[in-house]
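Visitor:
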Amino acid sequence: MTHATATMTAPSAVPTAKTRYKSPTVRGRLPVLILFLPPALLLFTLFVILPMGEAAWYSLYRWNGYGSPEHFIGLRNFQVLFNNAAFSTALINNGLIILASLLLQIPLAIWLATMLAHKIKGAVTFRLIFFLPYVLADVAAGLIWRFVYDGDYGLFAAIAGFFGVATPYVLADKNLAIYAVLAVIIWKYFGFHMMLFIAGLQAVDKNVLEAAEIDGARGWQKFRYVTLPLLGSTVRISVFFAIIGSLQLFDLIMPLTGGGPLNATQTMVTFLYTYGVMRMQVGLGSAVGVVLFVICVTLAFGYKRIFMRHD
Amino acid sequence: MNHTYGEAPLRARHSFTVKHLSALAAATGMAFLLSTGASAAQTVVKWLHLETVPAYVQVWEDIARKYEAEHPGVDIQLQFLENEAFKAKLPTLLQSDDAPDFFYSWGGGVLKQQSETGALMDLTGAMSADNGAWVKSYNPAAVKGFTFGDKIFAVPYKLGTVSFFYNKALFEKAGVKAEDIKSWDNFLDAVKKLKAAGVTPIAGGGGDKWPLHFYWSYLVMRNGGQEVFEAAKNKEGEGFMDPAIIKAGSQLADLGKLEPFQGGYLGANWSQTLGIFGDGGAAMILSFENTEDDQRTHAADGKGLARENLGRFAFPMVEGGKGKPTDTLGGLNGWAVTKKAPPQAVDFLRYLTNRENERIQAKAGMLIPVATGAEEAITDPLMRAAADQLAASTWHQNYFDQDLGPAVGRVVNDVSVEILTGQMSPEEGSRMIQDALGLE
Chain A
1 MTHATATMTA
11 PSAVPTAKTR
21 YKSPTVRGRL
31 PVLILFLPPA
41 LLLFTLFVIL
51 PMGEAAWYSL
61 YRWNGYGSPE
71 HFIGLRNFQV
81 LFNNAAFSTA
91 LINNGLIILA
101 SLLLQIPLAI
111 WLATMLAHKI
121 KGAVTFRLIF
131 FLPYVLADVA
141 AGLIWRFVYD
151 GDYGLFAAIA
161 GFFGVATPYV
171 LADKNLAIYA
181 VLAVIIWKYF
191 GFHMMLFIAG
201 LQAVDKNVLE
211 AAEIDGARGW
221 QKFRYVTLPL
231 LGSTVRISVF
241 FAIIGSLQLF
251 DLIMPLTGGG
261 PLNATQTMVT
271 FLYTYGVMRM
281 QVGLGSAVGV
291 VLFVICVTLA
301 FGYKRIFMRH
311 D
Chain B
1 MNHTYGEAPL
11 RARHSFTVKH
21 LSALAAATGM
31 AFLLSTGASA
41 AQTVVKWLHL
51 ETVPAYVQVW
61 EDIARKYEAE
71 HPGVDIQLQF
81 LENEAFKAKL
91 PTLLQSDDAP
101 DFFYSWGGGV
111 LKQQSETGAL
121 MDLTGAMSAD
131 NGAWVKSYNP
141 AAVKGFTFGD
151 KIFAVPYKLG
161 TVSFFYNKAL
171 FEKAGVKAED
181 IKSWDNFLDA
191 VKKLKAAGVT
201 PIAGGGGDKW
211 PLHFYWSYLV
221 MRNGGQEVFE
231 AAKNKEGEGF
241 MDPAIIKAGS
251 QLADLGKLEP
261 FQGGYLGANW
271 SQTLGIFGDG
281 GAAMILSFEN
291 TEDDQRTHAA
301 DGKGLARENL
311 GRFAFPMVEG
321 GKGKPTDTLG
331 GLNGWAVTKK
341 APPQAVDFLR
351 YLTNRENERI
361 QAKAGMLIPV
371 ATGAEEAITD
381 PLMRAAADQL
391 AASTWHQNYF
401 DQDLGPAVGR
411 VVNDVSVEIL
421 TGQMSPEEGS
431 RMIQDALGLE
């Protein structure tokens with residue numbers, strides 16, 4: 001966006017500056033810019049910039065969504081938010097999800113990818129199987145797993161019944177529920193990361209690996225000192241997707257637990273929905289949106305700046 | 001989902017189960033068929049409801065077709081939204097061009113908020129015309145429930161009451177007699193006896209939260225009576241910090257300590273809860289007047305408990321409480337009309353809730369009618385008992401979570417579950433509700 005505005009304003013700038021930009025390429029590009037920039041700019045402003053600004057504005061009001069916001073309360077919504085135990089749980093859960101993604105999901109994905117990147121028998125089938133959960137709609141996956149975990153009629157009940165032990169109600173246990181959700185998240189998204197790594201691995205130059213072998217590198221050494229560094233940019237992008245995806249997690253959780261029991265599985269977005277939308281506290285909901293936005297933007301730009309500078 | 005309520009109460013809220021999905025599919029399918037039948041030259045009346053029981057929707061369809069036959073040029077279209085989706089979508093919907101002409105309402109704080117925004121039609125004039133011929137056709141308490149200031153904002157159509165339902169066979173097995181449950185202590189004893197006999201005492205829907213807020217609500221009503229609750233609601237006196245309300249909380253915590261609910265109840269939504277009861281998996285359920293039909297719909301075999309096996313008793317008294325045993329908690333439902341609705345919508349509502357049509361709905365077991373002279377059409381004995389209880393009610397209180405409005409109401413639901421599970425002390429719970437009310 002910053003690019004676009006810069007280019008846009010350039011032609012109308014002071015004459016001296018104008019001469020500087022009067023290169024044939026710019027003159028040739030101008031009609032194209034005038035023709036193609038406004039639609040994108042308009043849509044972006046209308047559907048991204050404007051709603052963001054509105055959310056920031058609403059977050060300063062106590063407003064139930066009817067009419068227009070009139071009751072200005074300053075930063076009160078943010079104060080309420082940070083004193084809310086459920087929101088703290090949501091922040092912690094978002095952190096947990098990021099951790100699980102980084103420490104379990106991505107290593108798992110890399111491990112599977114190293115096995116499936118080679119042309120071994122059945123590799124394509126396995127890739128497909130592992131990728132399948134990702135293709136499922138989040139809500140469908142959530143419903144399936146709700147049934148799997150169900151303590152009365154679900155798969156867990158059947159397994160527990162088979163072994164003759166008491167059925168665990170994992171989704172109803174406030175200490176276990178979040179781990180049950182984490183398991184589903186990992187199951188759902190590892191295939192996506194695996195595909196990224198397979199693509200990355202296929203781009204690794206075979207000659208380098210061969211050279212390492214000739215130099216006497218063994219399996220793990222080859223992976224640690226050759227494959228992994230060459231996979232660096234893929235790992236960085238995969239981590240980036242995992243973090244942003246974790247922060248925005250919503251549609252998998254709603255059918256699974258709806259944020260319960262006792263708010264044990266809230267994330268920031270389910271919190272926003274439960275407390276902002278369902279309770280018609282649009283002001284408070286907007287405040288959550290603002291916090292989420294700030295966290296996402298900080299992480300995204302910070303991460304890009306620090307880790308993805310050279311990619 | 002059927003009926004009702006918001007997060008609260010009513011039964012309405014179910015989340016998705018396979019059974020449920022098929023009901024949704026049926027209901028939406030019907031709505032779709034209907035809408036495709038519309039012709040452009042007609043006055044279209046859009047009716048937004050939450051009903052998931054196909055037989056009930058059919059009753060409405062029949063009434064609508066009958067009305068259309070008598071009034072050529074009117075096309076009544078039933079539109080369905082799932083309970084939770086309805087509540088989430090309504091604020092936006094009401095302010096859009098796509099607003100329904102009339103929609104389901106639980107009255108209370110939510111309707112009041114809607115009325116204050118100017119999105120609703122003031123029905124006072126229409127209903128009081130001809131010396132109030134229309135308004136006089138209803139139970140006055142029902143109309144009062146939809147009146148704010150001196151303006152009427154919804155056409156009433158049904159009354160409801162929450163009471164205990166029990167499985168007679170399981171009570172017998174544990175040697176518990178429903179007639180003996182007069183006080184809260186009797187009730188706790190019954191729970192202990194049932195547990196000792198290896199029976200799950202109560203089916204509870206902790207996942208949806210509102211099914212459990214009935215316990216706290218009734219305990220508040222029994223301990224404090226009308227005066228204390230209304231003072232708290234109107235931010236007078238000690239509000240929700242009143243000792244009677246805190247006592248209600250500690251009684252709720254006592255119940256929680258007995259672990260009276262089915263396994264995994266904190267994750268169970270309302271349909272699953274009804275299913276557990278219908279499958280004979282728990283001895284009691286604190287539920288709506290039409291539980292008999294509901295437990296059948298949600299039972300695994302589709303049949304549920306036989307009518308002879310079902311009993312009903314009022315929420316017990318508490319020692320030294322100021323409330324009366326005849327005070328009732330329950331719903332009052334109506335149809336709110338939006339500002340831009342055509343006059344035909346209002347006329348149809350009068351038709352839908354006239355004595356004859358209320359009788360048809362009562363006969364189908366859908367509701368306890370608000371139209372005077374329609375209640376004798378109730379044939380089901382359990383519905384009859386609910387209607388009699390309502391007729392003798394000394395104070396009928398709307399569901400707390402509806403009455404207190406969406407924001408405070410949901411805090412009440414949260415707090416009820418937290419007190420019950422021992423996550424929060426009764427004082428902390430009261431404080432939280434009081435704080436939420438302070439923000440209103």
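One line per chain: the protein sequences are A and B, in this order. Residues in the first sequence are numbered consecutively from 1, following full-length UniProt numbering. Residues in the second sequence are numbered consecutively from 1, following full-length UniProt numbering. Even for Gly, the Cβ is constructed at its ideal location relative to N, Cα and C.
1. Name the two residues that bound the continuous alpha helix (DSSP H) containing Glu220(A).
2. Taking Cβ-Cβ distances shorter than 9 angstroms, what residues in chain B pair up with Leu81(A)?
3. By Cβ distance below 7 angstroms, which residues in the same chain neighbour Gly334(B) in space, the five residues on each side in sequence not counted?
4. Could you pull the start and end residues of the beta strand (DSSP E) that His49(B) belongs to?
5. Would you kindly check if the distance between the Cβ of Leu329(B) and the Cβ of Met424(B) is under 8 angstroms?
6. Looking at the C-beta of Val239(A), does it have a partner C-beta in chain B at a distance below 8 angstroms?
7. By alpha-carbon positions, which one of Ile243(A), Arg279(A), Val282(A), Pro255(A) ends up nearest to Phe301(A)?
8. How would you list, in chain order, the residues of chain A whose beta-carbon sits under 9 angstroms from the beta-carbon of Pro426(B)?
9. Enumerated in chain order, which unbroken segments of the beta strand (DSSP E) with a length of 3 residues or greater are wholly contained in the segment 71-133 of chain B?
10. Count the other CB atoms, across all protein chains shown, that sit within 10 Å of the CB of Arg309(A); report buried if there are 16 or more and exposed otherwise.
11. Quick one: is His298(B) buried, meaning 16 or more other Cβ sit within 10 Å of its Cβ, or exposed?
12. Decide if Met280(A) is buried, meaning its Cβ has at least 16 other Cβ atoms within 10 Å, or exposed.
13. Please identify the residue among Arg410(B), Val370(B), Val415(B) whose C-alpha is closest to the C-alpha of Lys144(B).
14. So which residues on chain B does Ala172(A) lean against when the C-beta distance must stay under 9 angstroms?
15. Report the residue ranges of all alpha helix (DSSP H) runs contained in full by the segment 239-270 of chain B; include only those spanning at least 4 residues, in chain order.
16. Determine which residues of the segment 393-425 of chain B have a Cβ less than 7 angstroms from any Cβ of chain A, and write them out in chain order.
17. Can you tell me which of the three DSSP states Leu439(B) falls into?
18. Comparing the C-beta of Val277(A) with each C-beta of chain B, is any distance below 8 angstroms?
19. Would a C-beta distance cut-off of 8 angstroms place residue 323(A) and Phe197(A) closer than the cut-off?
20. DSSP beta-bridge partners for Asp347(B)?
21. Would you call His213(B) buried or exposed, if buried means 16 or more other Cβ atoms sit within 10 Å of its Cβ?
22. Could you tell me the distance, in whole angstroms, from the CA atom of Thr234(A) to the CA atom of Gly200(A)?
23. Given a cut-off of 8 angstroms on the beta-carbon distance, is the pair Thr326(B) and Ala392(B) in contact?
24. Name, going along the chain, the residues of the segment 75-98 of chain B whose beta-carbon falls closer than 8 angstroms to a beta-carbon of chain A.
25. Would you please verify whether the beta carbon of Gly283(A) is less than 8 angstroms from any beta carbon of chain B?
26. Note down the Cα distance separating Ala190(B) from Leu255(B), rounded to an integer number of angstroms.
27. Could you tell me the distance, in whole angstroms, from the CA atom of Leu111(B) to the CA atom of Val408(B)?
28. Considering His310(A), what are the terminal residues of the beta strand (DSSP E) in which it resides?
29. For a contact defined as C-beta to C-beta under 7 angstroms, what are the partners of Met280(A) on chain B?
30. Could you please tell me which residues of the segment 43-68 of chain A, in chain order, have their CB closer than 8 angstroms to any CB of chain B?
31. Listing by chain order, which chain A residues have their CB less than 8 angstroms from the CB of Ala119(B)?
32. Against Leu182(A), what residues of chain B qualify as contacts under a CB-to-CB distance less than 9 angstroms, listed in chain order?
33. When you compare each of Ala364(B), Ala306(B), Asp380(B), Glu227(B) to Gly321(B) by their alpha carbons, which one comes out closest?
34. State yes or no: is the C-beta of Leu171(A) within less than 8 angstroms of the C-beta of Arg146(A)?
35. Between Leu437(B) and chain A, is any beta-carbon pair separated by less than 8 angstroms?
36. What separation, rounded to the nearest whole angstrom, lies between the Cα atoms of Ile237(A) and Lys304(A)?
Guide: Let me spell this out:
1. First, the residue type needs correcting, since residue 220(A) is Trp and not Glu in the sequence shown. DSSP places Trp220(A) in the uninterrupted alpha helix (DSSP H) bounded by 219-222.
2. Chain B residues near Leu81(A): none, gap ~12 angstroms exceeds 9 angstroms.
3. Counting only residues of its own chain and dropping the five nearest sequence neighbours on each side, Gly334(B) has a CB closer than 7 angstroms to the CB of Ser105, Gly107, Phe146, Ala154, Val155, Pro156, Tyr157.
4. Element bounds for His49(B): 43-49.
5. No.
6. No, because no Cβ of chain B sits closer than 8 angstroms to the Cβ of Val239(A).
7. The residue with the shortest Cα to Cα distance from Phe301(A) is Ile243(A).
8. Within chain A, no C-beta atom comes less than 9 angstroms from the C-beta of Pro426(B); the nearest is roughly 16 angstroms away.
9. Listed in chain order, they are 74-80, 102-105.
10. So Arg309(A) ends up on the exposed side.
11. His298(B) counts as buried, since at least 16 other C-beta atoms from the protein chains shown sit within 10 angstroms of its C-beta.
12. Flag for Met280(A) reads buried.
13. Considering only alpha carbons, the answer is Val370(B).
14. Within chain B, the residues near Ala172(A) are Gly206, Gly207, Gly263, Gly264, Tyr265, Leu266, Gly267, Ala268.
15. Scanning the segment 239-270 of chain B from its first residue to its last, the whole alpha helix (DSSP H) runs of 4-plus residues come out as 243-257.
16. Answer set for the segment 393-425 of chain B: Pro406, Ala407, Arg410, Val417, Glu418, Thr421, Gln423.
17. Note: Leu439(B) maps to helix in three-state DSSP.
18. True, the Cβ-Cβ gap to chain B drops below 8 angstroms.
19. Because chain A here runs from 1 to 311, residue 323(A) falls outside it and cannot be looked at.
20. In the DSSP assignment, no residue is bridged to Asp347(B).
21. Looking at its Cβ environment, which holds 16 or more other Cβ atoms inside 10 Å, His213(B) is buried.
22. If I take the Cα positions, the gap works out to 6 angstroms.
23. The criterion of a C-beta distance shorter than 8 angstroms is satisfied by Thr326(B) and Ala392(B).
24. Listed in sequence order: Glu84, Lys87, Ala88, Pro91, Thr92, Leu94, Gln95.
25. No, no contact with chain B.
26. So the two alpha carbons sit approximately 11 angstroms from each other.
27. Taking the straight line joining both Cα atoms gives about 14 angstroms.
28. Unbroken run through His310(A): none, as it is neither H nor E.
29. Per Cβ cutoff of 7 angstroms: Pro91, Pro406, Ala407.
30. Residues of the segment 43-68 of chain A with a Cβ closer than 8 angstroms to any Cβ of chain B, in chain order: Arg62, Asn64, Gly65, Tyr66, Gly67.
31. The answer, in chain order, is Tyr66.
32. Think of a sphere of 9 angstroms around the beta carbon of Leu182(A): no beta carbon from chain B falls inside it, the nearest being about 16 angstroms out.
33. Per the Cα distances, Glu227(B).
34. Yes; because the gap between Cβ atoms is below 8 angstroms, this pair is in contact.
35. Judged by the 8 angstroms Cβ criterion, Leu437(B) is not in contact with chain A.
36. Put simply, the backbone Cα of Ile237(A) is about 9 angstroms away from that of Lys304(A).
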